[in-house]
Structures are given as C-alpha cells and as structure tokens.
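Reading through the structure tokens given below for one structure.
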Amino acid sequence: MFTRLKFSTWVPVPLRLIVGCGFMEHGYAKLLVGAFIPFASVPMAAVLLVAMFSVHWQYGFSSIKLIAITPNGANFGPPGYECDLLYLACLVALVLGGSGPLSFDLLMSKIVKASARTRP
589 MFTRLKFSTW VPVPLRLIVG CGFMEHGYAK LLVGAFIPFA SVPMAAVLLV AMFSVHWQYG
649 FSSIKLIAIT PNGANFGPPG YECDLLYLAC LVALVLGGSG PLSFDLLMSK IVKASARTRP
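In terms of the working numbering, the sequence shown opens at residue 589 and continues consecutively.
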C-alpha cells in the first residue's frame, strides 16, 4: 500500500528522528542524521539486545508498570523490553528501507553519482 503512495519515500524520516532522539537522550554520540545507517545500526542493536536480555527481560514485556497512585503522583515499576523491541524494529526498517530523503547518505550518493558522470 505505501509503495504506491507518493509520500512513501518519506517514511524513514520519522523513524530516524524518533530513533535518533531516543538514542540521543541516552548518549549524544549515537545521534542519527541519516549517515551510515547500516553501520551505525549494528552497535545500536547490540546495545539494545544486551539491555533487553540482561536488564529488561526479567520485568516482562510492558514498558510501563503502574504500581500505585499516591498524592505525590504515579509510581512506576521497572520497565520491560517493549521499548527495546520498538527501537530494534525501527533500526531494521531503516537498514532494509534506507535512510530516505533529508539524509546524509542520500546526499553523499548524489555527489558520488554526479562526480562519476563528470569523469572522462
């Protein structure tokens, strides 16, 4: 369905933004700008898998566990592995589908193609 729509090439942009912002929250060096997505995804996926199996797995799937509502607000339990799976799914989608428009990878491929055409 999406492949027939004109905006389908823009699908990776929100994925890059949410994955980049999420990883930026936990480490600025992991910010995604659409550069080297397949290579950058490998260490990110490794971090997610380690976190999922060593920390979050024991708490189950749900990322939000409401324990109680107190006069001071909501008390939440430890998060499960739901968010880890969401980030992994986004990384897989970006690797398989490409970085899309407004990406460094697309800009570099255009420069390489243009320079290849101008060479004798």
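Ideal Cβ placement from N, Cα and C applies to all residues, glycine included.
Every value quoted in this text rests on a predicted model; they were computed, and no experiment measured them.
Item to check | Span separating the alpha-carbon of V599 from that of P666 | outcome: Going by the C-alpha atoms only, they are around 32 Å apart.
Checklist entry - Quick one: is M632 buried, meaning 16 or more other Cβ sit within 10 Å of its Cβ, or exposed? => result Burial call: buried.
Checklist entry - What three-state label does DSSP hand G668 in the structure shown? => result Residue state, collapsed to three classes: coil.
Checklist entry - When you compare only the Cα positions, how much space is there between L637 and G610? => result Their backbone Cα atoms lie some 15 Å apart in a straight line.
Checklist entry - Given that a residue counts as buried once 16 or more other Cβ atoms are within 10 Å of its Cβ, and exposed if not, what is G622? => result Looking at its Cβ environment, which holds 16 or more other Cβ atoms inside 10 Å, G622 is buried.
Item to check | Local Cβ density within 10 Å of V700, reported as buried at 16 or more and exposed below that | outcome: By the 10 Å Cβ count, V700 comes out exposed.
Checklist entry - Roughly how many angstroms lie between the CA atoms of I606 and L679, to the nearest whole one? => result In a straight line, the C-alpha of I606 is about 11 Å away from that of L679.
Next on the checklist: Run through the DSSP bridge pairs and tell me what L654 is partnered with.
Outcome noted: According to DSSP, which records beta bridges pairwise, L654 is partnered with F664.
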